[in-house]
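In the working numbering, the protein residues as written are 168 to 460.
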Amino acid sequence: MEFLNYLISGISLGSIYAIIALGYTMVYGIAKMLNFAHGDVIMVGSYVAFCAISYLHLPALVAIVLAMAVCTALGVIIEGLAYRPLRQAGSLAVLITAIGVSYFLQNAAQLIWGATPKNFTSVVGFKVPPLFGGALTVSGEAVVTIAACIVIMAVLTWFTGSTKMGKAMRACSEDKSAAQLMGINVNSTISMTFAIGSALAAVAGVLLCSFSPVLMPTTGSMPGIKAFTAAVFGGIGSIPGAFLGGILLGVIEALAKAYISTNLANSIVFAVLIVVLLVRPAGLMGKYVPEKV
Numbered sequence: 168m169e170f171l172n173y174l175i176s177g178i179s180l181g182s183i184y185a186i187i188a189l190g191y192t193m194v195y196g197i198a199k200m201l202n203f204a205h206g207d208v209i210m211v212g213s214y215v216a217f218c219a220i221s222y223l224h225l226p227a228l229v230a231i232v233l234a235m236a237v238c239t240a241l242g243v244i245i246e247g248l249a250y251r252p253l254r255q256a257g258s259l260a261v262l263i264t265a266i267g268v269s270y271f272l273q274n275a276a277q278l279i280w281g282a283t284p285k286n287f288t289s290v291v292g293f294k295v296p297p298l299f300g301g302a303l304t305v306s307g308e309a310v311v312t313i314a315a316c317i318v319i320m321a322v323l324t325w326f327t328g329s330t331k332m333g334k335a336m337r338a339c340s341e342d343k344s345a346a347q348l349m350g351i352n353v354n355s356t357i358s359m360t361f362a363i364g365s366a367l368a369a370v371a372g373v374l375l376c377s378f379s380p381v382l383m384p385t386t387g388s389m390p391g392i393k394a395f396t397a398a399v400f401g402g403i404g405s406i407p408g409a410f411l412g413g414i415l416l417g418v419i420e421a422l423a424k425a426y427i428s429t430n431l432a433n434s435i436v437f438a439v440l441i442v443v444l445l446v447r448p449a450g451l452m453g454k455y456v457p458e459k460v
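Written as structure tokens, this is what we have:
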């Protein structure tokens, strides 16, 4: 039962990584850029939910919706002001801009909310009774996180495969120029991608702080890096790959902390990523696409 406890803990942690990784993988799959400010959008969503619950005394569900709305608007603004003018620029310029946006958001959060850690109250209001005579304990946060990840994954899969906007996203992912010739507004499609990814970041931020109730301007940095690792692990650009990579990464981290060393858990996670990329450079579910020169 001890192993099962660790496994459930890893799956719930991996579900958070998967939700964040979906934002990374959608932006990369369509815009072909790495939005390293994504982790800081998570932080902003957490602070918005914290203020809504602690200061405005709004219900948890309303606070989450408000955080999603703010992060959605923030994602569209970031794309329009920082990334859209660099659409034809080299990847290095986009990467440096993303890092600059990340630092800007962190310092802005520190000016607005201060650097003092804040205690975040969990948005999950129920508890799961102990199972098997108390040998197996599952938190309400774990149940909600796993369920949210599965629902988000299913909805995104349906959205990208069955809706007009989803098909436009897939077309832009394949060839932006050809998509534009077919009447697709590429800029609007990429903005929608940022909006969806940022809304997911808000959800992930609230769930993350429900597990670790300490909120700081750097809250999203490490989870953002690990989620990016999960996206690469599963195959960046692949929605099922982001889901699989997040879950596997969370399980590996939880088992490494339990059976090897808490201090070495992060090193083990990145070591596994290196091994996977040596064997499958495109990730577990990524596809190798030869580039014509």
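Where a beta carbon is used, it is the ideal one built from N, C-alpha and C, also for glycine.
Cutoff 7 angstroms; reference residue i; Cβ partners in own chain excluding five residues on either side
| i | result |
| --- | --- |
| residue 418 | 174, 177, 178 and 181 |
| residue 171 | 303 |
| residue 201 | 195, 262 and 265 |
| residue 382 | 213, 214, 217, 284, 285, 287 and 376 |
| residue 310 | 295 |
Alpha-carbon to alpha-carbon, residue j and residue i
| i | j | result |
| --- | --- | --- |
| residue 355 | residue 242 | 13 angstroms |
| residue 277 | residue 284 | 10 angstroms |
| residue 411 | residue 219 | 33 angstroms |
| residue 270 | residue 298 | 45 angstroms |
| residue 396 | residue 312 | 19 angstroms |
| residue 308 | residue 256 | 42 angstroms |
| residue 326 | residue 333 | 5 angstroms |
| residue 267 | residue 293 | 40 angstroms |
| residue 440 | residue 224 | 42 angstroms |
| residue 250 | residue 188 | 19 angstroms |
| residue 343 | residue 353 | 7 angstroms |
Cut-off 8 angstroms between Cβ atoms - residues of its own chain near residue i, not counting five sequence neighbours on either side
| i | result |
| --- | --- |
| residue 345 | 338 |
| residue 315 | 182, 186, 370 and 374 |
| residue 237 | 211, 212, 215 and 369 |
| residue 391 | 187, 203, 205, 206, 207 and 209 |
| residue 349 | 338 |
Cβ neighbours of residue i in the same chain (closer than 6 angstroms, five flanking residues each side left out)
| i | result |
| --- | --- |
| residue 335 | 351 and 356 |
DSSP-derived helix/strand/coil call for residue i
| i | result |
| --- | --- |
| residue 199 | coil |
| residue 352 | coil |
| residue 285 | strand |
| residue 223 | coil |
| residue 217 | helix |
| residue 448 | coil |
| residue 211 | helix |
| residue 194 | helix |
| residue 293 | coil |
CB of residue i within 8 angstroms of CB of residue j, strictly
| i | j | result |
| --- | --- | --- |
| residue 409 | residue 192 | yes |
| residue 136 | residue 449 | No answer is possible for residue 136: the residues shown for the chain start at 168 and end at 460. |
| residue 413 | residue 209 | no |
| residue 443 | residue 431 | no |
- Message: Which complete alpha helix (DSSP H) runs does the stretch 358-444 hold, if anything under 4 residues is left out?
- Response: 388-401 and 406-426
- Query: Curious, which full-length alpha helix (DSSP H) runs of at least 4 residues does the stretch 297-345 contain?
  - Reply: 307-329 and 331-341
- Message: Ignoring anything shorter than 4 residues, give me the alpha helix (DSSP H) runs that lie fully in the stretch 230-280, in order along the chain.
- Response: 258-280
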